[in-house]
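K.L.:
Residue numbers (the working numbering): 7 to 349. Positions of the beta carbon are idealized from the N, C-alpha and C atoms, including for glycine. As the structure is a prediction and not an experimental result, all values here were calculated from the model. Got a structure for you, questions after.
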Amino acid sequence: MNPLRRLGSRRASLLTLLAVGALASPAAATAASAAPDAVRASTLGAQAAQSGRYFGTAVAAGRLGDGTYTGILDREFNSVTPENEMKWDTTERSRGSFNFGPGDQIVNRAAAHGQRMRGHTLVWHSQLPSWVSSIRDANTLRSVMNNHITQVMNHYKGRIYAWDVVNEAFADGGSGQQRSSVFRDVLGTGFIEEAFRTARSADPAAKLCYNDYSIENWSDAKTQGVYRMVRDFKSRGVPIDCVGFQSHFGTGGPPSSFQTTLSNFAALGVDVQITELDIAQASSAAYANTVRACMNVARCTGITVWGIRDSDSWRSGENPLLFDRNGNKKAAYQSTLTALGGA
Ligand code: 9MR
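This is how it looks when you write it as structure tokens:
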């Protein structure tokens with residue numbers, strides 16, 4: 007067929023469709039002209055997906071029997087992070103004896119619902135069994151740490167989009183240095199590099215993240231300390247793919263420099279993700295500002311809120327999430343959905 011004629015008939019049928027649509031539904035035509043390049047979705051996950059991002063939540067295995075909870079989970083979210091089920095005190099409570107039951111429950115369910123998984127977390131000073139924190143010999147601790155990373159990652163190989171390989175290794179306050187922990191104190195500060203190298207060999211397809219809190223404000227010493235580490239890793243070829251900003255915010259939401267922080271890290275050649283978002287009292291503006299900061303950074307690949315309903319939150323007294331205790335959408339839900347639609 008003559009290509010011009012083909013174009014002509016396609017244009018004609020498009021015009022017919024538009025005309026019919028405008029007659030049938032003036033409201034739909036108005037919405038379409040306000041968002042010419044994106045159908046506006048009605049759930050968080052679907053809306054995030056339109057810009058190639060995900061919108062996830064922390065999930066607790068113990069709540070999976072609650073139909074209100076799972077109803078929201080499957081409707082709204084396309085990424086899942088186990089809230090506690092992949093932590094060392096669950097996965098290797100005694101040396102060499104691994105328990106993947108609770109983690110598997112979450113991973114299998116997420117796979118069945120087409121949700122991606124973030125693995126959380128392999129090396130962390132907290133929720134760490136005392137048999138690990140009492141090790142004083144460096145060779146023993148090195149092999150225990152590497153074995154833990156390898157066994158857990160092998161078990162979930164191919165099923166995890168991104169792993170928080172090391173969690174919260176930097177100190178609060180003005181030092182900009184690593185915090186004291188059994189890992190740093192016995193192995194030295196190089197334990198983070200070792201953990202990432204081990205993780206890369208265990209599952210080369212998983213994205214490897216460093217995850218921390220209070221690294222959202224660009225000028226903070228802690229932020230700068232993590233930035234220097236990532237810059238050093240990238241310059242020496244230490245495998246790291248992403249940085250997770252937990253984003254447990256107070257009532258004011260993110261610091262005004264948050265987008266700058268995200269884009270400065272991204273410029274080092276890593277993805278950035280908001281990994282544990284919750285905001286005291288969940289104001290609409292604070293949620294919208296957080297989501298916008300991510301939307302404005304191309305390498306900000308996704309957002310995870312740390313729980314579904316306020317009653318599911320580790321800080322439930324502050325009502326920090328997007329759904330109230332009855333599972334109703336809060337005002338911040340709407341501002342989040344709108345902000346996910348982009349500028
Ligand atoms: O939400 C988690 C809560 O159920 C646990 O009791 C707590 C134990 O440390 O961990 C919470 O999740 C934390 C996450 O794993 C790492 N960043 C801080 C989160 C909130 O404390």
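Using a threshold of 7 Å, is the CB atom of H154 nearer than that to any non-hydrogen atom of ligand 1?
P.N.:
Result no, Cβ not under 7 Å from ligand 1.
K.L.:
Could you check the C-alpha separation between N302 and A144 for me, to the nearest Å?
P.N.:
Rounded to the nearest angstrom, the two C-alpha atoms are 44 Å apart.
K.L.:
Could you check which residue in A294, A272, R69 and L346 has the C-alpha nearest to that of C248?
P.N.:
Minimum Cα distance to C248 is reached at A272.
K.L.:
Which of the three DSSP states is assigned to Q184 in this structure?
P.N.:
It is a strand residue.
K.L.:
Checking the sheet assignment: what are the DSSP bridge partners for H254?
P.N.:
Paired residue(s): D284.
K.L.:
Which whole-angstrom value is the C-beta distance of K228 and I221, which I expect to be below 8 Å?
P.N.:
That pair is a contact at about 6 Å.
K.L.:
Just to confirm, is the Cβ distance from L343 to Q53 under 8 Å?
P.N.:
A contact, by the Cβ cut-off of 8 Å.
K.L.:
Starting from F61 and walking both ways along the beta strand (DSSP E), at which residues does that stretch end?
P.N.:
First-last of the beta strand (DSSP E) with F61: Y60 to V65.
K.L.:
With a 10 Å radius around its C-beta and 16 neighbouring C-beta atoms as the bar for buried, classify K93 as buried or exposed.
P.N.:
Flag for K93 reads buried.
K.L.:
Is Q121 near ligand 1, in the sense that its beta carbon is under 7 Å from a heavy atom of that ligand?
P.N.:
No, since every heavy atom of ligand 1 falls outside the 7 Å radius drawn around the Cβ of Q121.
K.L.:
To which residues of the same chain is Q133 closer than 6 Å at the C-beta, ignoring the five residues directly before and after it?
P.N.:
Cβ within range, chain order: K93 and D95.
K.L.:
Given 7 Å as the limit, tell me if S253 has its C-beta closer than that to any heavy atom belonging to ligand 1.
P.N.:
No, the beta carbon of S253 sits no closer than 7 Å to any heavy atom of ligand 1.
K.L.:
Any idea if R124 is buried or exposed, counting beta-carbon neighbours within 10 angstroms, 16 or more meaning buried?
P.N.:
By the 10 Å Cβ count, R124 comes out buried.
K.L.:
Using the three-state DSSP reduction, which class does K336 fall into: helix, strand or coil?
P.N.:
The answer is coil: DSSP assigns K336 none of H, G, I, E or B.
K.L.:
Is V150 helix, strand or coil by DSSP?
P.N.:
In this structure, V150 counts as helix in the three-state DSSP scheme.
K.L.:
Per the DSSP calculation, A168 is bridged to which residue(s)?
P.N.:
DSSP, once it has assigned bridges, lists R124 and K213 as partnering A168.
K.L.:
In the DSSP output, which residue or residues are listed as bridge partners for N173?
P.N.:
N173 pairs with N217.
K.L.:
Looking only at DSSP bridge pairs, what is T310 linked to?
P.N.:
Answer is G62, bridged to T310.
K.L.:
Measure the CB-CB distance between L268 and A304 and report whether it falls below 8 Å.
P.N.:
Not closer than 8 Å, so no.
K.L.:
Anyone know if the C-beta pair for R331 and R315 falls short of 8 Å?
P.N.:
Yes, these two residues count as a Cβ contact at 8 Å.
K.L.:
Indicate, with yes or no, if ligand 1 has a heavy atom lying under 7 Å from the CB of W312.
P.N.:
Yes.
K.L.:
Give the secondary structure of P49 by DSSP, where H, G and I count as helix, E and B as strand, and everything else as coil.
P.N.:
One detail in the question is off: residue 49 reads as Thr in this sequence, not Pro. In this structure, T49 counts as coil in the three-state DSSP scheme.
K.L.:
Quick one: what does DSSP say R315 is sitting in, helix, strand or coil?
P.N.:
Of the three classes helix, strand and coil, the one that applies to R315 here is strand, per DSSP.
K.L.:
Quick check: is any heavy atom of ligand 1 less than 7 Å from the C-beta of N216?
P.N.:
Reading off the sequence, residue 216 comes out as Tyr, not Asn. No, since every heavy atom of ligand 1 falls outside the 7 Å radius drawn around the Cβ of Y216.
K.L.:
When DSSP labels each residue in this structure, what does V297 get in the three-state scheme?
P.N.:
Of the three classes helix, strand and coil, the one that applies to V297 here is helix, per DSSP.
K.L.:
Would you report the Cα separation of R101 and G194, rounded to the nearest angstrom?
P.N.:
Spanning the two alpha carbons is a distance of roughly 22 Å.
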